[in-house]
Structure formats: structure tokens, C-alpha cells
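Participant:
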């Protein structure tokens with residue numbers, strides 16, 4: 002009887018282990034399913050200046066329709082079940098305070114920055130979302146997580162490179178400015194509201210992407 006009981010217990014443990022593996026696989030499968038976005042929600046982005054100092058850490062951003070950001074946030078929350086914060090407003094950082102401040106002085110420089118972005122076609126973007134991405138940073142006593150959409154957009158990279166010459170033409174220094182420090186990303190959610198701590202954000206599609214974006 003004792004041996005029979007041990008066998009039953011062992012079988013039960015194996016079964017529980019199998020169920021655990023299936024649960025983890027199922028959760029990963031759900032997490033990797035495409036995020037759905039209505040194609041018309043990718044239209045009508047708006048350039049926005051954010052004069053420093055400000056809490057966002059951003060000087061120039063591109064803001065989507067509110068419905069795009071909220072739809073993506075709701076899908077992330079539904080899949081993760083985590084306590085998440087969303088940036089208000091949601092935006093794609095184009096130039097950071099740390100990159101701009103002190104290098105091209107004056108209020109007119111901010112307006113010139115906006116003009117460069119418009120001439121580069123950033124206010125009427127033609128791009129495709131590449132994936133929903135996730136980044137996790139473990140620190141003593143806490144784990145921080147970020148969810149963002151990575152886009153394919155060559156005009157973004159061209160604009161960032163153009164700023165190097167603009168800074169020099171304005172009599173500033175571009176020595177501390179790295180055109181490749183930012184990727185075209187829309188920050189969707191994070192486990193804390195300190196979104197500026199993730200900037201500059203250079204995405205790695207191989208490491209960060211976990212689910213495709215399906216346009217409908």
C-alpha cells in the first residue's frame with residue numbers, strides 16, 4: 002500500500018509539472034499573438050514642441066491619435082495583467098532635452114527644429130509598425146518593464162542625421178549628439194510612470210520584439 006501511495010504521488014507530481022509547462026506555453030502563445038491596430042489610427046500624427054525643462058525629457062515629439070495609444074495599452078494590459086502606467090500624452094520622442102539643451106541656444110532654435118521636422122515629412126508619416134516590443138531591467142529591490150511599438154521609418158533616421166549639421170550651422174556643438182541613440186518607437190506602457198528614465202531608447206528588434214502588429 003505504501004509503495005502504491007508513493008507511485009500515485011509521483012504520478013500526481015508529474016501531472017502537475019506537465020500542467021505547469023502547458024500553462025507557461027499557453028501564456029507565451031497568447032502573449033505572442035498579433036496586436037490589432039486599425040489602419041486609420043496610424044494617420045494624423047502631430048508634431049509637438051515641449052520647451053525644457055519638462056518631466057518627459059523630450060524637446061520634440063510626434064503624437065498619435067489618442068485612440069491608437071489607448072487601444073494598444075488596453076491590449077497590453079489584457080495580456081499581462083500587470084499594474085501599468087501609460088504616458089500622457091503618448092508620443093514618439095524625436096529629440097531629447099539632453100541632446101538639445103545648451104547646444105543650440107534660444108527660443109528661435111526650437112522653432113527651427115520644428116521646421117526641420119516638417120521639411121523632413123515627419124508630420125505626415127508613412128511608416129509601418131514592426132512589432133510590439135518589451136524591455137525589462139532588474140535592479141536591487143525592483144524590476145522595471147517597458148512596452149513600446151517599434152516602427153520601420155527611414156525618414157526618422159534621416160531627420161536625426163540632419164540635425165548634426167543644423168546644430169553646427171547654428172553655432173552649437175554636436176559632439177555629444179548621437180543620431181543613432183533613438184529609434185522610432187511609440188511608448189505604450191510601463192510598470193512605473195518614470196518614462197524619461199528609459200530615454201534615450203535604442204531598440205533591438207531581435208531582442209525586444211515579442212509580437213507582431215496586425216493592421217485591419
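Residue numbers (the working numbering): 2 to 217.
Idealized CB from N, CA, C, for every residue including glycine.
#1: How is the alpha helix (DSSP H) around residue 206 delimited, first residue to last?
#2: Leaving aside the five residues before and after residue 137 along the sequence, list all residues of the same chain whose C-beta is less than 6 Å from its C-beta, in chain order.
#3: Return helix, strand or coil for residue 136, following the three-state DSSP convention.
#4: What are the boundary residues of the alpha helix (DSSP H) that includes residue 68?
#5: Go ahead and pull the three-state DSSP assignment for residue 149.
#6: Using three-state DSSP, classify residue 33 as helix, strand or coil.
#7: Spatial neighbours of residue 107 within its chain, please: C-beta separation below 8 Å, excluding the five flanking residues on both sides.
#8: Which word fits residue 208, buried or exposed, when buried means at least 16 other C-beta atoms lie within 10 angstroms of its C-beta?
#9: I need the DSSP call for residue 191, collapsed to helix, strand or coil.
#10: Report the partner residues of residue 93 according to the DSSP bridge assignment.
#11: Can the beta-carbon of residue 86 be found less than 9 Å from the beta-carbon of residue 193?
#12: Using a threshold of 9 Å, state whether the C-beta atoms of residue 161 and residue 180 are closer than that.
#13: Report yes if the CB atom of residue 45 is closer than 9 Å to the CB atom of residue 216, and no otherwise.
#14: Quick check: residue 164 and residue 156, are their CB atoms within less than 9 Å of each other?
#15: So the candidates are 214, 202, 148; which of them puts its Cα closest to the Cα of residue 77?
#16: Rounded to whole angstroms, how far is the Cβ of residue 66 from the Cβ of residue 42, which I believe are closer than 8 Å?
#17: At the level of alpha carbons, what is the spacing between residue 142 and residue 170?
Facilitator: According to the structure data:
#1: 206-209 is the span of the alpha helix (DSSP H), which, as asked, contains residue 206.
#2: Listed in chain order, the non-local C-beta contacts of residue 137 below 6 Å within the same chain comprise 146, local neighbours out to five positions each way being set aside.
#3: strand
#4: 67-81
#5: strand
#6: Residue 33: coil per DSSP, three-state reduction.
#7: Confidence at residue 107 is low in this model, with a pLDDT of 48, below 50, so its placement is unreliable and no value can be given for it.
#8: exposed
#9: strand
#10: For residue 93, DSSP records a beta bridge to 63.
#11: Taking 9 Å as the Cβ cut-off, residue 86 and residue 193 qualify as a contacting pair.
#12: yes
#13: Cβ distance not < 9 Å, so residue 45 and residue 216 don't count as in contact.
#14: no
#15: 148
#16: 6 Å
#17: 46 Å
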